[in-house]
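Asks: Quick one: the structure is below, questions incoming.
Residue numbers (our numbering), protein chains in the order written: chain A, 5 to 339; chain B, 107 to 663.
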């Protein structure tokens, strides 16, 4: 598990267990500060190992972030960041007064809320279920089967659903051939939330169980044995052993999910945009894409994207704080 | 613009920007009638600023001189600007460019394709054409249905733009004329204007109206693939209808819906129609963009015709005759459904006609799709708006290297060879013995390889004057020429016909909501009342200013 590492304090010079004994310990037992250079020399191999990740993050995440300044200008790719005229907060004013943006925000929140309730817990249940299967062979077989859809692209998933549940799909045609009415699940805006949640569950629930299974595997069987000896039944064992073991992971994932809550399936939604209409399928990401890339209103789209980024950051920080309040370690903790 | 059409081969024109997005369809191509499907999804920019005229610059100064040359007399001459048809190949082809002009360089070209992307390795068609060029054109082919999105992205980064970029007129990104064209693409005026074009005789053979449409901000930027005056039609599967014993007699919009319903048999997985929004716009004579009511400019979205077209399409959808996958907006597969008989009526570009024959005659020799003769929604006299002089053009990446531009223009000169030249023959039919064999009448019979390799690639870069010379499909040239000659009598010039007008960029996306609205109203998710609201929003968010902008252009004339 990565969790314990995340909130472990940065190794200080006091690391008494260091095998080379380089970190001298002061007589009092208090750490003696090493010079910056000595720290670097000591951690050289670790620093080298972390370097590629830092470079990657800098080039693909932090450098592009400076592009956000275009949100305060009337940006044109041909005039560049500094050649475009500055217009202050005008783009943001347009964003907040745009009914299409508000519609996109509404849809985004609706999808997030719905999926938090109906999608997020599914992998947990699946993991508990699988964990109770004793035969390792059956377990790995089921695992492989439920993982598989994760590797399908959204195009395939949507096509598959269209072929199954569409108006000319397998189910509808079968019904018609037996004299019943056909139905069309794919083009009904009212049930769109259910539809995309079904798709998400089918595609990703299996993948999501991996992390929970890993958490469950760390629980010592002795705990179960001891509880059983004490007379705890199946449900009590789950309540007092399994679920507490899962709690830190669940909270961690919940926080991460909250940070992502304004990011809801760009591909999945853009693919079904025409089927159900913009009214229910336009979310912040697709809104930004159409305004920016397709209609060429880069600055306006950047402003909308930035609003989303700021809100997401606030959500992560808030949720993390909340986790601390409940005594969990959350995503990170100040040292 | 005058309303009378010239009979010169040259004068085809107009597009039905009715909705550029679904109009892909209309494109039928220049030298060869290349089909582009209708109903592309989501090409943005309905009100994309078109390129344009700059104050005080005469279009005539920017375009090449017109030096026509005719190699073969057409068997079916042009009627009112319709595409001339050639039913047979001339005995002797003329080689119009004596030696391959290329330097052996490699150029990257980006083109759309509505079909299966041909293989690059060992492609005998590419090899043969590149040999005739003397340089290699390497294609980056993108799905035509989403080409507009791809273009918008590629053009935003000027240094990554390919050497030669095909841009369909309906995919012109917002701000194309105001920002993109001058920053990204080469101004060809110094190379081609006036008599300078004489170095490239096949380009000089392209009529002036077509070149005028390639002028942005008073400078010549585009290389055209001349377009046909008639661009779209509503096709039905004549072969299937015959099997069903139905002979269609469609005189008005109600007839068409009734026919679509009659053809629908959901139990056997067959529906009457695809999304017929293009048809709806045509039969209700929705103007491409603006119309003059008295002395007032009226935008298409404000017209009764537009409302009527929406109401009709909504009625069609409500009848249940539209294939469910089309209801789900899967336009990319529309052709496939139509060609496999899962839907039997479809609006498409005229060029799709011969492409469908190319793709289907092998497996189904009886395959035949036929366009309905033009009719009006209310049964009156139909009105058809002329297609643009060019629906697809290409641009060369800006370069300081004059020789490079000259070389590319020399390659374009080869590709623009008109019907009757060896160049036309090669580009359109491929290599004899490889992509076609000749039958007893001397007509080319395509081989299987032709269907995979001879896709419109070079054809989308530049083309000679329009000509229908798809002689390899039995009966096609006759049928297409006859339909066009009949339909051409209803042609009329839309307002601002054949001109590139650069709209101020702030109006770039105000027309956008209508593309979504058309889908929503058609599918019954929104009503015509929502249209009223959208029109009001359009007016207040810049529509009225846009009207004033166009009024200003009218007043100055």
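Ideal Cβ placement from N, Cα and C applies to all residues, glycine included. This structure is a prediction, so every number in the text was calculated from the model and none was measured.
Please state whether DSSP places residue 259/B in a helix, a strand or coil.
Replies: Reduced to three states, the DSSP call for residue 259/B is helix.
Asks: Please check the pair residue 463/B and residue 336/B, which I expect to be a contact at CB under 8 angstroms, by giving their CB distance rounded to whole angstroms.
Replies: The pair is not a contact, with the Cβ atoms about 18 angstroms apart (cut-off 8 angstroms).
Asks: Throw me the rounded Cβ distance for the residue 273/A and residue 265/A pair, which I believe falls under 8 angstroms.
Replies: Rounded, the Cβ-Cβ distance is 15 angstroms, inconsistent with contact.
Asks: Determine the closest residue to residue 336/A out of 289/A, 127/A, 288/A, 260/A, with distance taken between C-alpha atoms.
Replies: The option with the nearest alpha carbon to residue 336/A is 260/A.
Asks: Of all the CB atoms in chain A, is at least one closer than 9 angstroms to the CB of residue 448/B?
Replies: Yes - at least one Cβ of chain A is within 9 angstroms of the one on residue 448/B.
Asks: Can you confirm whether residue 409/B, when its beta carbon is compared against all beta carbons of chain A, has any partner nearer than 9 angstroms?
Replies: So, not an interface residue.
Asks: My output table needs one value for residue 320/A: the three-state DSSP class, helix, strand or coil.
Replies: Helix, per DSSP.
Asks: If the cut is a Cβ gap below 8 angstroms, which residues of chain A does residue 295/B touch?
Replies: Residues of chain A passing the Cβ test: none, with the nearest at roughly 20 angstroms.
Asks: Between 224/B, 304/B, 247/B, which lies nearest to residue 203/B when the distance is taken from Cα to Cα?
Replies: Nearest of 224/B, 304/B, 247/B to residue 203/B, Cα basis: 304/B.
Asks: Under the assumption that residue 429/B contacts residue 449/B (Cβ atoms under 8 angstroms), give the Cβ distance between them as a whole number of angstroms.
Replies: That belief holds up - the Cβ atoms of residue 429/B and residue 449/B are roughly 4 angstroms apart, short of 8 angstroms.
Asks: Report buried or exposed for residue 516/B, applying the criterion of at least 16 other Cβ atoms within 10 angstroms of its Cβ.
Replies: Residue 516/B should be labelled buried.
Asks: Once you ignore the five residues that flank residue 559/B on each side, which residues in its own chain have a CB closer than 6 angstroms to its CB?
Replies: Only 224, 229, 231 meet the Cβ criterion.
Asks: Quick one: is residue 504/B near chain E, going by C-beta distance under 9 angstroms?
Replies: This model lacks chain E altogether, as its protein chains are A and B.
Asks: The alpha helix (DSSP H) that contains residue 500/B, what's its start and end?
Replies: Run containing residue 500/B: none in the alpha helix (DSSP H); it sits in the beta strand (DSSP E), 496 to 502.
Asks: Just grab the DSSP bridge partners of residue 178/A for me.
Replies: Beta-bridge pairing links residue 178/A to no other residue.
Asks: List the residues that DSSP assigns as beta-bridge partners of residue 244/B.
Replies: In DSSP, residue 244/B forms a bridge with 214/B.
Asks: If you scan the region 129 to 183 of chain A from start to end, which runs of the alpha helix (DSSP H) of 4 or more residues do you find wholly inside it?
Replies: Segments of the alpha helix (DSSP H) lying fully in the region 129 to 183 of chain A: 140 to 151, 158 to 169, 174 to 181.
Asks: Got a sec: which bits of the region 427 to 439 of chain B sit with their beta carbon under 8 angstroms from any beta carbon on chain A, in order along the chain?
Replies: Those residues of the region 427 to 439 of chain B that come within reach of chain A (Cβ to Cβ, closer than 8 angstroms) are 429, 430, 431, 433, 434, 435, 436, 437.
Asks: If you draw a straight line from the C-alpha of residue 326/B to the C-alpha of residue 252/B, how long is it?
Replies: Near 27 angstroms, if we compare the C-alpha coordinates of residue 252/B and residue 326/B.
Asks: Are there 16 or more other CB atoms within 10 angstroms of the CB of residue 325/A, so buried, or fewer, so exposed?
Replies: Classification for residue 325/A: exposed.
Asks: Check whether chain A comes within 9 angstroms of residue 373/B, counting only Cβ atoms and requiring the distance to be less than that.
Replies: At least one chain A Cβ lies under 9 angstroms of residue 373/B.
Asks: Residues of chain B with CB under 7 angstroms from residue 181/A, in chain order?
Replies: Simply 373.
Asks: Which word fits residue 117/A, buried or exposed, when buried means at least 16 other C-beta atoms lie within 10 angstroms of its C-beta?
Replies: The residue in question, residue 117/A, is exposed, as its Cβ has fewer than 16 Cβ neighbours within 10 Å.
Asks: What are the boundary residues of the alpha helix (DSSP H) that includes residue 378/B?
Replies: Residue 378/B -> not in any alpha helix (DSSP H); beta strand (DSSP E) instead, spanning 377 to 379.
Asks: Are the C-beta atoms of residue 259/B and some chain A residue less than 9 angstroms apart?
Replies: Yes - at least one Cβ of chain A is within 9 angstroms of the one on residue 259/B.
Asks: How close, in whole Å, do the beta carbons of residue 514/B and residue 502/B come, if the pair is a contact with beta carbons under 8 angstroms?
Replies: Rounded, the Cβ-Cβ distance is 5 angstroms, consistent with contact.
Asks: Assuming residue 585/B is part of the beta strand (DSSP E), what are its boundary residues?
Replies: That residue, residue 585/B, is in no beta strand (DSSP E); its alpha helix (DSSP H) goes 582 to 593.
Asks: Verify whether the separation of the beta carbon atoms of residue 134/A and residue 52/A is less than 9 angstroms.
Replies: Against a cut-off of 9 angstroms, the Cβ pair of residue 52/A and residue 134/A comes out as no contact.
Asks: Please name the residue in 294/B, 279/B, 307/B whose C-alpha comes closest to that of residue 521/B.
Replies: Measuring from the Cα of residue 521/B, the nearest candidate turns out to be 307/B.
Asks: 9 angstroms is my cut-off, CB to CB: does residue 255/B come that close to chain A?
Replies: Residue 255/B counts as touching chain A.
Asks: Note down, one range per segment and in chain order, each alpha helix (DSSP H) of at least 4 residues found wholly within the region 60 to 142 of chain A.
Replies: Runs found: 84 to 87, 94 to 101, 103 to 122, 126 to 135.
Asks: Counting Cβ pairs, one atom from each stretch, are 3 or more of them under 8 angstroms apart for the region 460 to 475 of chain B and the region 209 to 223 of chain A?
Replies: Short answer: they don't touch.
Asks: Just the Cα atoms here: how many angstroms apart are residue 443/B and residue 571/B?
Replies: Residue 443/B and residue 571/B: Cα-Cα distance of roughly 33 angstroms.
Asks: Taking Cβ positions only, does residue 644/B come closer than 9 angstroms to chain A?
Replies: It does not; no Cβ of chain A falls within 9 angstroms.
Asks: Under 9 angstroms, do residue 169/B and residue 299/B count as touching if we go by C-beta distance?
Replies: Yes, the Cβ-Cβ distance between residue 169/B and residue 299/B is below 9 angstroms.
Asks: Could you work out which residues of chain B lie near residue 188/A, taking near to mean beta carbons separated by less than 8 angstroms?
Replies: The answer, in chain order, is 430, 433, 434.
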